[in-house]
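Read in order, the letters of the sequence shown are residues 70 to 342 in the working numbering. The beta-carbon is built from N, C-alpha and C at its ideal position, and this holds for glycine as well. Below is one structure, written out as structure tokens; the observations come after it.
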Amino acid sequence: MNIRRIFSKTAYVLSIMVTAAGCLFALYFGLRIFVFDSYPVHTGSMIPAICPGDRIVVNKLIFGARLYRNLDFLDGGKLKTLRMKGYRGISYNDLVVFNHSHPMEFDIGTVYVKRCIGLPGDTIWIREGRYHNSSVSDGVVLKHFTQVSPHYFPDSLHICFPYNEELGWTILNFGPLYIPRKGDSINLYPVHAWMYKRIIMYEHGEDVAYREDGVYLNNLPIQTYIFKENYYFMAGDNFAHSSDSRYFGPVPETFIVGVAPLKINTGRRWERL
Numbered sequence: 070m071n072i073r074r075i076f077s078k079t080a081y082v083l084s085i086m087v088t089a090a091g092c093l094f095a096l097y098f099g100l101r102i103f104v105f106d107s108y109p110v111h112t113g114s115m116i117p118a119i120c121p122g123d124r125i126v127v128n129k130l131i132f133g134a135r136l137y138r139n140l141d142f143l144d145g146g147k148l149k150t151l152r153m154k155g156y157r158g159i160s161y162n163d164l165v166v167f168n169h170s171h172p173m174e175f176d177i178g179t180v181y182v183k184r185c186i187g188l189p190g191d192t193i194w195i196r197e198g199r200y201h202n203s204s205v206s207d208g209v210v211l212k213h214f215t216q217v218s219p220h221y222f223p224d225s226l227h228i229c230f231p232y233n234e235e236l237g238w239t240i241l242n243f244g245p246l247y248i249p250r251k252g253d254s255i256n257l258y259p260v261h262a263w264m265y266k267r268i269i270m271y272e273h274g275e276d277v278a279y280r281e282d283g284v285y286l287n288n289l290p291i292q293t294y295i296f297k298e299n300y301y302f303m304a305g306d307n308f309a310h311s312s313d314s315r316y317f318g319p320v321p322e323t324f325i326v327g328v329a330p331l332k333i334n335t336g337r338r339w340e341r342l
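Have a look at this one:
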């Protein structure tokens, strides 16, 4: 009888422990999905704000947590997401964490952290290695960036988005590029067609073709295009050593994980960004 009681009590205690472990497990992943997450930083693209070896803490409540509506994208299907309501949108100079987006292909296993200097509806351009934004003063978009002489860059680094020789853009003299806003319409004359080819292909999953008589999408002629999503221009503080929107173009809103207001430095101290 005593043995039965012992086994009964042991089973009861084990069931409580398993239930508690399950609750803690669910709480942990619930917090990571809806509230915060953290990622290690391995590159120097955000020096001096973030250095290799630091760990960034992502607040998902700011912009709203991103939920997946399906998992087809894991097998190359279309990414479909649902965004929870955040308490504000992305602001200038936010450090934004987003998934790999070159060439407009979602990669759940790769994330970048960059500074947002262009919001939907802005126009961005670079002259002699200095950013400019049509909506805010130069001081807003330049204060965090390291500046280097234009002669520092080899020719191989001049090639940039949208990779069209006729435009003649380089990372030192880039744009002007309008950052698409959901619902905005553009006329698809040749220059615009080249600028936004990747975005149109990403939104439709169809190829954009250029013929003598105009622009075609899925073999149908189009003269105008209405954007389906908001986009953001992301830039690394270390101007000379950053893979950012100069190379892969504006970042779709669905790729955004969240905003990083904090980091844990290599000395394991918390710092505000």
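Taking V182 and I119 to be in contact with their CB atoms under 8 angstroms, please state how far apart those CB atoms are, rounded to whole angstroms. 7 angstroms
Limits of the unbroken beta strand (DSSP E) element including H169: L164 to H169
Own chain partners of K154 with C-beta closer than 7 angstroms, once the 5 adjacent residues on each side are dropped: G133
Out of curiosity, what's the CA-to-CA distance linking G187 and S84? 53 angstroms
Can you tell me whether D106 is helix, strand or coil according to DSSP? strand
Is it right to say D191 is buried, meaning 16 or more other beta carbons lie within 10 angstroms of its own, or is it exposed? buried
Quick check: the Cα distance between N128 and L342, rounded to an integer number of angstroms? 12 angstroms
Locate the beta strand (DSSP E) running through K332, then write down its first and last residues. I325 to I333
If you follow the beta strand (DSSP E) that I125 is part of, which residue opens it and which one closes it? R124 to N128
C-alpha gap between R138 and Y316, whole angstroms: 29 angstroms
How is the alpha helix (DSSP H) around W263 delimited, first residue to last? P259 to M264
Helix, strand or coil for H201? Go by DSSP, reduced to three states. strand
Residues in the same chain with beta-carbon distance under 8 angstroms from Q292, minus the five sequence neighbours each way, listed in chain order, please. N256, L257, G283 and V284
Helix, strand or coil for F317, going by three-state DSSP, please let me know. helix
Cβ distance (whole Å) where F167 is taken to contact V320 below 8 angstroms: 5 angstroms
In the DSSP assignment, find the unbroken alpha helix (DSSP H) run with L359 in it and report its ends. Residue 359 lies beyond the stretch modelled for the chain, which goes from 70 to 342, so this question has no answer here.
Return the chain-ordered list of same chain residues with a C-beta closer than 6 angstroms to the C-beta of P249, the five sequence neighbours on each side being excluded. F296 and Y300
Let's test the definition: count the other Cβ atoms within 10 Å of the Cβ of E322 and tell me whether it reaches 16, buried, or not, exposed. buried
Measuring straight from C-alpha to C-alpha, what distance separates T112 and L164? 15 angstroms
Can you have a look at R135 and say buried or exposed, based on whether 16 or more other CB atoms are within 10 angstroms of its CB? buried
Could you tell me which residues DSSP puts in a beta bridge with I193? N202 and L246
Exposed unless 16 or more other CB atoms sit within 10 angstroms - verdict on L151: exposed
Please classify N287 as buried or exposed, where buried requires at least 16 neighbouring CB atoms within 10 angstroms. exposed
Out of G305, F324, T179 and A278, which one is the CA nearest neighbour of N162? G305
Assign G198 to buried or exposed, taking buried as 16 or more other Cβ atoms, counted over all protein chains shown, within 10 Å of its Cβ. buried
Go ahead and pull the three-state DSSP assignment for C92. helix
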